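S.K.: My questions all concern the structure below.
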Amino acid sequence: MTRRRKTAAPEPRAERELLIVFADLTRFAFESARMKDAALAEVVDELYERLHRAVTGAGGRVVKFIGDAMLAVFELEQADAAVEALLRERRAVDEWLEGRGMECRLMMKIHAGTVVAGSFGGRGEKRFDVIGKEVNACARLPTAGLSLSVAAFRKLSAKGRRAFKKHAPPVVYFPTDGRRPG
1 MTRRRKTAAP
11 EPRAERELLI
21 VFADLTRFAF
31 ESARMKDAAL
41 AEVVDELYER
51 LHRAVTGAGG
61 RVVKFIGDAM
71 LAVFELEQAD
81 AAVEALLRER
91 RAVDEWLEGR
101 GMECRLMMKI
111 HAGTVVAGSF
121 GGRGEKRFDV
131 IGKEVNACAR
141 LPTAGLSLSV
151 AAFRKLSAKG
161 RRAFKKHAPP
171 VVYFPTDGRR
181 PG
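Numbered according to my numbering, the sequence shown terminates at residue 182, and the numbering increases by one at each position without gaps.
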(Lines of atoms letter the chains of each structure in order from A; the text may use other names.)
(Lines give C-alpha, C1' and ligand atoms only; values in the text may rest on other atoms or scores of the structure.)
Protein backbone atom coordinates (compact mmCIF):
# COMPACT_ATOMS: atom_id res chain seq x y z
CA MET A 1 0.00 0.00 0.00
CA THR A 2 1.34 3.43 -0.89
CA ARG A 3 0.93 6.23 1.56
CA ARG A 4 0.13 9.67 0.39
CA ARG A 5 2.72 12.06 1.68
CA LYS A 6 1.68 15.32 3.23
CA THR A 7 2.32 18.37 1.11
CA ALA A 8 2.91 21.87 2.36
CA ALA A 9 0.09 24.36 2.14
CA PRO A 10 -0.09 25.78 -1.38
CA GLU A 11 1.72 29.08 -1.84
CA PRO A 12 -0.21 31.70 -3.78
CA ARG A 13 1.24 32.54 -7.17
CA ALA A 14 2.63 36.02 -7.65
CA GLU A 15 4.96 37.85 -9.99
CA ARG A 16 8.25 38.47 -8.19
CA GLU A 17 11.66 39.72 -9.22
CA LEU A 18 14.22 37.17 -8.04
CA LEU A 19 17.80 36.08 -8.54
CA ILE A 20 17.57 32.79 -10.47
CA VAL A 21 20.29 30.13 -10.35
CA PHE A 22 20.83 27.06 -12.51
CA ALA A 23 23.61 24.66 -11.54
CA ASP A 24 24.68 21.39 -13.12
CA LEU A 25 27.72 19.23 -13.69
CA THR A 26 29.76 19.01 -16.88
CA ARG A 27 30.56 15.49 -18.14
CA PHE A 28 28.06 13.97 -15.71
CA ALA A 29 26.56 11.52 -18.23
CA PHE A 30 30.04 10.25 -19.11
CA GLU A 31 31.11 9.89 -15.47
CA SER A 32 27.82 8.30 -14.39
CA ALA A 33 28.13 5.62 -17.09
CA ARG A 34 31.38 4.49 -15.43
CA MET A 35 29.89 4.17 -11.93
CA LYS A 36 27.70 1.65 -10.15
CA ASP A 37 24.24 3.00 -9.43
CA ALA A 38 24.70 2.94 -5.65
CA ALA A 39 27.92 4.97 -5.89
CA LEU A 40 26.26 7.37 -8.31
CA ALA A 41 23.33 7.83 -5.93
CA GLU A 42 25.75 8.69 -3.11
CA VAL A 43 27.50 11.30 -5.26
CA VAL A 44 24.21 12.89 -6.32
CA ASP A 45 22.91 12.93 -2.74
CA GLU A 46 26.11 14.58 -1.49
CA LEU A 47 25.89 17.14 -4.32
CA TYR A 48 22.32 17.94 -3.30
CA GLU A 49 23.38 18.32 0.35
CA ARG A 50 26.23 20.65 -0.57
CA LEU A 51 24.16 22.83 -2.88
CA HIS A 52 21.23 22.95 -0.45
CA ARG A 53 23.53 24.10 2.38
CA ALA A 54 25.10 26.79 0.17
CA VAL A 55 21.77 28.11 -1.07
CA THR A 56 19.88 28.09 2.23
CA GLY A 57 22.94 29.34 4.12
CA ALA A 58 22.90 32.44 1.92
CA GLY A 59 19.16 32.91 2.42
CA GLY A 60 17.98 31.31 -0.82
CA ARG A 61 15.58 28.53 -1.68
CA VAL A 62 16.20 25.40 -3.70
CA VAL A 63 13.27 25.12 -6.09
CA LYS A 64 14.16 21.64 -7.34
CA PHE A 65 16.84 19.11 -8.09
CA ILE A 66 16.77 16.86 -11.13
CA GLY A 67 19.62 14.51 -11.94
CA ASP A 68 22.81 16.52 -11.50
CA ALA A 69 21.02 19.89 -11.80
CA MET A 70 19.52 22.42 -9.42
CA LEU A 71 17.22 25.41 -9.79
CA ALA A 72 17.32 27.89 -6.91
CA VAL A 73 16.14 31.44 -6.22
CA PHE A 74 17.12 34.30 -3.93
CA GLU A 75 15.54 37.60 -3.03
CA LEU A 76 17.38 40.43 -4.80
CA GLU A 77 18.60 41.86 -1.49
CA GLN A 78 20.60 38.65 -1.05
CA ALA A 79 22.47 38.95 -4.37
CA ASP A 80 25.91 39.57 -2.86
CA ALA A 81 25.59 36.78 -0.27
CA ALA A 82 24.16 34.44 -2.90
CA VAL A 83 26.91 34.98 -5.44
CA GLU A 84 29.64 34.79 -2.80
CA ALA A 85 28.25 31.50 -1.44
CA LEU A 86 27.81 30.05 -4.93
CA LEU A 87 31.36 30.96 -5.98
CA ARG A 88 32.70 29.35 -2.81
CA GLU A 89 30.59 26.21 -3.25
CA ARG A 90 31.54 25.88 -6.91
CA ARG A 91 35.22 25.70 -5.94
CA ALA A 92 34.48 23.26 -3.10
CA VAL A 93 32.39 20.96 -5.30
CA ASP A 94 35.05 20.97 -8.03
CA GLU A 95 37.72 19.99 -5.48
CA TRP A 96 35.46 17.30 -3.98
CA LEU A 97 34.74 15.78 -7.40
CA GLU A 98 38.41 15.92 -8.37
CA GLY A 99 39.25 14.12 -5.12
CA ARG A 100 36.84 11.36 -6.16
CA GLY A 101 38.62 11.06 -9.51
CA MET A 102 35.68 12.52 -11.40
CA GLU A 103 36.22 14.90 -14.30
CA CYS A 104 32.93 16.73 -13.67
CA ARG A 105 32.89 20.43 -12.85
CA LEU A 106 30.06 22.48 -11.40
CA MET A 107 28.64 25.08 -13.75
CA MET A 108 26.37 27.87 -12.54
CA LYS A 109 24.26 30.41 -14.37
CA ILE A 110 22.84 33.38 -12.46
CA HIS A 111 20.22 35.81 -13.75
CA ALA A 112 17.76 38.30 -12.26
CA GLY A 113 14.26 38.79 -13.54
CA THR A 114 10.54 38.63 -12.94
CA VAL A 115 8.96 35.19 -12.60
CA VAL A 116 5.66 33.76 -11.47
CA ALA A 117 6.48 32.09 -8.15
CA GLY A 118 4.15 29.85 -6.20
CA SER A 119 2.64 26.40 -6.10
CA PHE A 120 2.40 24.33 -9.27
CA GLY A 121 1.74 20.66 -9.95
CA GLY A 122 -0.91 17.98 -9.91
CA ARG A 123 -3.79 17.90 -7.47
CA GLY A 124 -2.48 17.15 -4.00
CA GLU A 125 1.15 17.36 -5.21
CA LYS A 126 1.60 21.07 -5.73
CA ARG A 127 4.96 22.50 -4.71
CA PHE A 128 6.86 25.75 -5.03
CA ASP A 129 8.23 26.54 -8.48
CA VAL A 130 9.17 29.53 -10.63
CA ILE A 131 7.88 29.91 -14.16
CA GLY A 132 8.54 32.45 -16.88
CA LYS A 133 10.71 33.79 -19.65
CA GLU A 134 13.42 34.88 -17.23
CA VAL A 135 13.87 31.31 -15.97
CA ASN A 136 14.45 30.25 -19.57
CA ALA A 137 16.81 33.20 -20.11
CA CYS A 138 18.85 31.96 -17.15
CA ALA A 139 18.97 28.43 -18.53
CA ARG A 140 20.24 29.71 -21.88
CA LEU A 141 23.12 31.80 -20.49
CA PRO A 142 26.46 30.77 -21.94
CA THR A 143 28.85 29.51 -19.30
CA ALA A 144 32.25 28.12 -18.82
CA GLY A 145 32.10 27.67 -15.06
CA LEU A 146 30.01 30.44 -13.55
CA SER A 147 28.34 33.25 -15.45
CA LEU A 148 26.26 36.19 -14.36
CA SER A 149 23.83 37.97 -16.66
CA VAL A 150 23.93 41.74 -16.93
CA ALA A 151 20.67 41.89 -14.96
CA ALA A 152 22.17 39.84 -12.11
CA PHE A 153 25.44 41.80 -12.18
CA ARG A 154 23.48 45.04 -11.72
CA LYS A 155 21.93 43.65 -8.52
CA LEU A 156 25.35 43.31 -6.87
CA SER A 157 26.90 46.00 -4.71
CA ALA A 158 30.07 47.74 -5.94
CA LYS A 159 32.07 45.38 -3.71
CA GLY A 160 30.28 42.32 -5.11
CA ARG A 161 30.91 43.47 -8.69
CA ARG A 162 34.70 43.50 -8.17
CA ALA A 163 34.76 39.69 -8.25
CA PHE A 164 33.78 39.73 -11.95
CA LYS A 165 35.07 40.88 -15.29
CA LYS A 166 33.02 41.63 -18.37
CA HIS A 167 33.07 39.11 -21.19
CA ALA A 168 31.58 40.05 -24.54
CA PRO A 169 29.75 39.22 -26.79
CA PRO A 170 27.19 38.42 -25.53
CA VAL A 171 27.76 40.31 -22.31
CA VAL A 172 28.14 37.84 -19.48
CA TYR A 173 30.27 38.24 -16.37
CA PHE A 174 32.77 35.58 -15.27
CA PRO A 175 34.61 35.40 -11.91
CA THR A 176 38.02 37.04 -11.65
CA ASP A 177 39.36 34.35 -9.31
CA GLY A 178 42.12 33.41 -11.73
CA ARG A 179 40.72 29.97 -12.54
CA ARG A 180 40.10 29.08 -16.14
CA PRO A 181 36.34 28.66 -16.62
CA GLY A 182 35.04 25.15 -17.20
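Quick reminder that beta carbons are idealized off the backbone N, C-alpha and C, glycines included. These numbers were taken from a predicted model, which means no experiment stands behind them.
Rounded to whole angstroms, what is the Cα-Cα separation between VAL135 and GLY60?
M.R.: Straight-line Cα distance between these residues: approximately 16 Å.
S.K.: Straight-line CA distance for GLU77 to PHE120?
M.R.: Each residue's Cα considered, the two are about 25 Å apart.
S.K.: Need the endpoints of the alpha helix (DSSP H) that ARG162 sits in, please.
M.R.: Per DSSP, ARG162 belongs to no alpha helix (DSSP H) and is neither H nor E.
S.K.: Hey, quick one: how far does the alpha helix (DSSP H) through GLY57 stretch, first residue to last?
M.R.: Here the alpha helix (DSSP H) through GLY57 covers 37-57.
S.K.: Do you know offhand how far PRO10's Cα is from ALA81's?
M.R.: PRO10 and ALA81: Cα-Cα distance of roughly 28 Å.
S.K.: Among VAL93, VAL130, SER157, ALA158, which residue has its Cα nearest to the Cα of PHE12?
M.R.: For the record, residue 12 in the displayed sequence is Pro; it is not Phe. Out of VAL93, VAL130, SER157, ALA158, VAL130 has the C-alpha closest to the C-alpha of PRO12.
S.K.: Please confirm whether ILE110 and ALA163 have their CB atoms less than 8 Å apart.
M.R.: In this structure, ALA163 does not lie closer than 8 Å to ILE110 by Cβ.
S.K.: Leaving aside the five residues before and after ARG127 along the sequence, list all residues of the same chain whose C-beta is less than 6 Å from its C-beta, in chain order.
M.R.: The answer, listed in chain order, is GLY121.
S.K.: Alpha carbon to alpha carbon, how far is TRP96 from ALA117?
M.R.: If I take the Cα positions, the gap works out to 33 Å.
S.K.: Enumerate in chain order the residues of its own chain whose CB-to-CB distance from VAL43 is below 6 Å, with the five nearest sequence positions on each side excluded.
M.R.: Once the five neighbours on either side are set aside, VAL43 has no close Cβ partner at all.
S.K.: Smallest Cα separation from LEU18: which of GLY132, ARG140, ALA144?
M.R.: For LEU18, the nearest C-alpha among the options comes from GLY132.
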